[in-house]
Amino acid sequence: MPLVKLIEKYQKLVTHCKQTYIARLMSRKLVPACPTRWNTNMDMLNSIRENYNEIETILRDCDEVHFLPGPKALLEEFAEFLKPFKDATVVLSVDTSPTLHLVSLYYYKLRRHVNTFSATNSAALRALVDHAKKVVPAKLVVPAKLVVDDIHKVAMFLNPASKHLPVFEAHETPAIQARLAKLLKKQDAPVSGPVRVEKPSSFGADKLLVYAEDTAVTESDDLDTYLKLPPPSSAKSLLQTWEDYKDVVPQLKLLVNRILCDAGNIFTDRRTSLSADKLDDLLFLKWNLTIQE
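Numbering (the numbering used here), first residue to last: 20 to 312.
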């Protein structure tokens, strides 16, 4: 792919500058890319941008200008196109706060960026932009290579700052709220509140009404209340905001705990334990693959 070759050329430029001590003459540090970390390609490009004029002058003096992959305008445009992708990966890769509610937002940011970007300086860059438009098209196509799942839409709705779903069309909102209502019904955790240790075998009509009013909280009640809540304080984090909401919309608070901040969900017993039958199947496959090799 032209993009890969272009990045390889920039990597060769950085390697050459370091091996020939040209890098020591730079006013700022040149950063090489790491093959196992995509974001370091962006760091490398930015370091070349910052030192481009100095690099070009030194290479011309040494008659080695052929190490430059292209003009500065190409580098600027290339880095400009890739920057939103790096920003998205940085934001969505943090492990100290929830990120699921941000997936939809950054997906639509990338979609808008890709479909409005106009590449002019390189055929390789134009090919990259055309490929990106197929991955995140302006309009949903089936099958799509990259889509936003229902869980991402629900998570965005559970962020009080984006509960009105600004990146979605108005006709999509009812379906997202319906999906949330289904998740609430499936929720088997009890709503926090007073626990009744003794429950009489029968109720009078008056007591039955009092009991129902005291304990019944429906999914629609929580949803309606949540939609009417005022905008959250920008000084508070998402989890702090939901801690304030726990008594107002208790069922939604439980769902938030499940979806947005269940840090141990990756290492559940179901995912880390193997039944005897499944283990036998895996050993059988391993044995047969070993024999064939």
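Using N, Cα and C, we set each Cβ at its ideal position, and we do this for glycine too.
- For the pair residue 265 and residue 272, the Cα-to-Cα distance works out to about 5 Å.
- By alpha-carbon distance to residue 175, the top candidate from 151, 191, 254 is 191.
- The DSSP-derived three-state label of residue 131 is helix.
- In this structure, the alpha-carbon of residue 87 lies about 15 Å from that of residue 22.
- Counting of Cβ neighbours within 10 angstroms places residue 38 among the exposed residues, the total staying below 16.
- A distance below 6 Å between beta-carbons, with the five flanking residues on each side excluded, links residue 46 to no residue of its chain.
- Looking at 144, 90, 270, the one whose alpha-carbon comes closest to that of residue 243 is 270.
- Within the model, the alpha-carbon separation for residue 167 versus residue 35 is close to 42 Å.
- Residue range 58-80 is occupied by the alpha helix (DSSP H) that includes residue 79.
- A check of alpha carbon separations from residue 122 across 177, 89, 140, 82 identifies 177 as the nearest.
- Collapsing the DSSP output to three states places residue 53 in a strand.
- In the DSSP assignment, residue 157 falls outside any alpha helix (DSSP H), carrying neither H nor E.
- Three or more beta-carbon pairs separated by less than 8 Å link the segment 138-147 to the segment 89-98, which places the two stretches in contact.
- Going by beta carbons, residue 117 and residue 279 fall inside the 8 Å limit.
- For the pair residue 73 and residue 41, the Cα-to-Cα distance works out to about 10 Å.
- Residue 254 carries a coil assignment under DSSP once its states are collapsed to helix, strand and coil.
- Note that the C-beta distance between residue 251 and residue 260 is below 8 Å.
- Per DSSP, the unbroken alpha helix (DSSP H) holding residue 171 starts and ends at 169-176.
- When C-alpha distances from residue 134 are compared across 125, 153, 124, the shortest belongs to 153.
- Linking residue 205 to residue 196 through their CA atoms gives a straight-line distance of about 14 Å.
- Spanning the alpha carbons of residue 186 and residue 120 requires a straight line of approximately 12 Å.
- Counting C-beta atoms within 10 angstroms of its own C-beta, residue 240 has fewer than 16 neighbours from the protein chains shown and is therefore classed as exposed.
- For residue 104, there are no CB contacts under 6 Å within the same chain when 5 residues up- and downstream are skipped.
- Between residue 84 and residue 63, the gap from beta carbon to beta carbon reaches 8 Å or more.
- Residue 157 is a Cβ neighbour of residue 130, given a cutoff of 8 Å.
- Following the DSSP letters along the chain, one finds residue 277 inside the alpha helix (DSSP H) bounded by residues 269-278.
- When secondary structure is reduced to three states using DSSP, residue 40 falls in the coil class, being assigned neither helix nor strand.
- Using a 10 angstroms sphere on the CB of residue 165, the tally of other CB atoms stays under 16, which defines it as exposed.
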